[in-house]
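Below: one structure, written as structure tokens.
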Amino acid sequence: MREKIGFTEEQAAHRVGVLVPQLQQLLIGVNWRKATGIPLRTVQAVIKRLESRAGYTLEEAAAKLDVTVGWIIERQHEGVIKVSQVKWDRRRVYITEPMLQRLREARHMPVVRDAFTADWLRLNDASREAGVTPATLIKWAAGGELDRRRSKSGWRYPRESVRVRARSYWKSVRFHRATPPDWLLTEAMSADA
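Per the numbering used here, the very first residue in the sequence shown carries number 192; after that it's consecutive.
Written as structure tokens, this is what we have:
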């Protein structure tokens, strides 16, 4: 009988065991046509969806591994794990079993931070420092004219090495309208004085 006449939102929410706004959120992902009543099959699908277990919450994973939630979030930002979301409620995040295994392995590995100081520039900063395009900087490094080191987030270039290469580049630049970087102009003015 309920399959034909369906449920009102209040009745369906009571049957599912949630409030009406939560039911409406859960119904968004269920494929059904809005009619006068919510069919029994749809209510059953919502119950199944609500009871479905997809991995571990951050708190459960932290308790299982005896670490803090903050530690798990740091590993996520480092790219060790990927936190998943359920399709029907983006607020519900979880960690799958393979990701939990990665966290177990990461627990026994020391956290290695990049030991680069402020004088080690990222690609865009180094190209601005030299007054050239990133492609030119990459070409210099590939040709062995510029020192660089790999970090977790890409290549790093030492400021002094970038400046040395920029000085030689700007001495023989072919484009007359090109403007050298400010630090090089200041250096040239102080050398002339």
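Every residue gets a Cβ at the ideal spot worked out from N, C-alpha and C, and that includes glycine.
Task: Endpoints, alpha helix (DSSP H) assigned at residue 348 - done: Counting along the chain, residue 348 falls outside any alpha helix (DSSP H), though it belongs to the beta strand (DSSP E) covering 345 to 349.
- [ ] Determine, using beta-carbon pairs with one atom in the segment 365 to 372 and one in the segment 315 to 323, whether at least three such pairs fall under 8 angstroms.
- [x] yes
Task: Spatial distance of residue 388 from residue 330 (CA atoms) - done: In the structure as shown, the chain begins at 192 and stops at 384. Residue 388 is therefore absent and cannot be evaluated.
Open item on the list: Relative to the C-alpha of residue 308, which candidate in 327, 342 and 283 has its C-alpha closest?
Closed with: 342
Task: residue 229 versus 292, 201, 326 and 282, residue with shortest Cα-Cα distance - done: 201
TODO: Enumerate in chain order the residues of its own chain whose CB-to-CB distance from residue 336 is below 7 angstroms, with the five nearest sequence positions on each side excluded.
DONE: 356
Task: Residue from 259, 339, 295 and 366 whose Cα sits closest to the Cα of residue 351 - done: 339
Task: For residue 348, the nearest candidate out of 360, 359, 256 and 333 (CA to CA) - done: 333
Open item on the list: Taking the alpha carbon of residue 197 as the reference point, which residue from 239, 297 and 235 has its own alpha carbon closest?
Closed with: 235
Open item on the list: On the DSSP bridge list, what partners appear for residue 313?
Closed with: 347
Task: Reduced DSSP secondary structure (H/G/I, E/B, other) of residue 363 - done: coil
Task: Helix, strand or coil at residue 323 [DSSP, three-state] - done: coil
- [ ] Starting from residue 339, trace the alpha helix (DSSP H) both ways and give me its first and last residue.
- [x] Element bounds for residue 339: n/a, residue is neither H nor E.
- [ ] Please look up how many angstroms separate the CB atoms of residue 237 and residue 218, rounded, as I've assumed it's under 8 angstroms.
- [x] 6 angstroms
Open item on the list: Within 10 Å of its beta-carbon, does residue 199 have 16 or more other beta-carbons around it, so buried, or fewer, so exposed?
Closed with: exposed
Task: CB of residue 260 within 8 angstroms of CB of residue 274, strictly - done: no
Task: Burial state of residue 306 (16 or more Cβ within 10 Å) - done: exposed
Open item on the list: My output table needs one value for residue 219: the three-state DSSP class, helix, strand or coil.
Closed with: helix
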